[in-house]
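See below for the structure under consideration.
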Amino acid sequence: MDDFYLIAEVQNTYSSDGSVVIKSFSDFSERFFELEEVIIDFFGKSKVLKIDFVQEVDNELVIKFKRFNSEDDVRFLLGKKLYVDKQNLFKLPNDTFYIHDLIGCEVYLGSMFFGKLNDVLNLSSHDVYVITTQNGKEI
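Numbering (this note's numbering) for the sequence shown: 22 to 160.
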């Protein structure tokens, strides 16, 4: 799944029509209303799921996939992560970047090189930027 970008995870079934509640990992929930499909990892193979509709209900995102018409049809999706390919990434405003675009960027303190951005940890309250210094130390 290296060529795909994680956007959400299936949390629960929603209704008897086969729709599911998802947890978004995106800062832009409106992105889901523009999607026609998502990708899941199904036993090591990427599978495309076509989207029938997306709605927001009580501050939760609900997705109904085509060809899945009951709770039993979607139970195997619980806990599955939803991905998109590069062309389906949400278009960001100017001067806004995806985390994967920032990894490997050089970090400066004023005009002095400090290190390279190695990772970003997404905590519930904020993001933590992991920088590898010139000495190889992670901070």
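C-beta atoms are modelled at their ideal positions from N, C-alpha and C, and glycine is treated no differently.
In the assembly as shown, residue 35 is a buried residue. Its beta-carbon has 16 or more other beta-carbons within 10 Å.
Under the three-state reduction of DSSP output, residue 51 falls in the helix class. Counting along the chain, the unbroken beta strand (DSSP E) around residue 27 starts and ends at 25–34. Cα atoms of residue 45 and residue 25: separation of roughly 15 Å, rounded to the nearest angstrom. When secondary structure is reduced to three states using DSSP, residue 155 falls in the coil class, being assigned neither helix nor strand.
Taking the CA atoms as reference points, residue 41 sits about 29 Å from residue 141. The stretch 32–105 contains, as complete beta strand (DSSP E) runs of 3+ residues, the segments 41–45, 58–63, 66–78, 81–86 (chain order).
Annotation: residue 81 to residue 43 spans about 7 Å, alpha carbon to alpha carbon. Judged by DSSP secondary structure, residue 116 falls outside any alpha helix (DSSP H); it is assigned neither H nor E. Apart from sequence neighbours up to five positions away, the residues of its chain that approach residue 137 with a beta-carbon distance below 8 Å are 125, 126, 127, 128, 152, 153, ordered along the chain.
Where residue 138 is concerned, there is no enclosing alpha helix (DSSP H), although the beta strand (DSSP E) around it starts and stops at 133–143.
When the Cα atoms are used, residue 91 and residue 120 turn out to be separated by approximately 36 Å.
Distance from the CA of residue 64 to the CA of residue 134, rounded to the nearest whole angstrom, comes to 43 Å. For residue 157 against residue 89, the beta-carbon gap comes to about 48 Å, at or over 8 Å, which does not count as contact.
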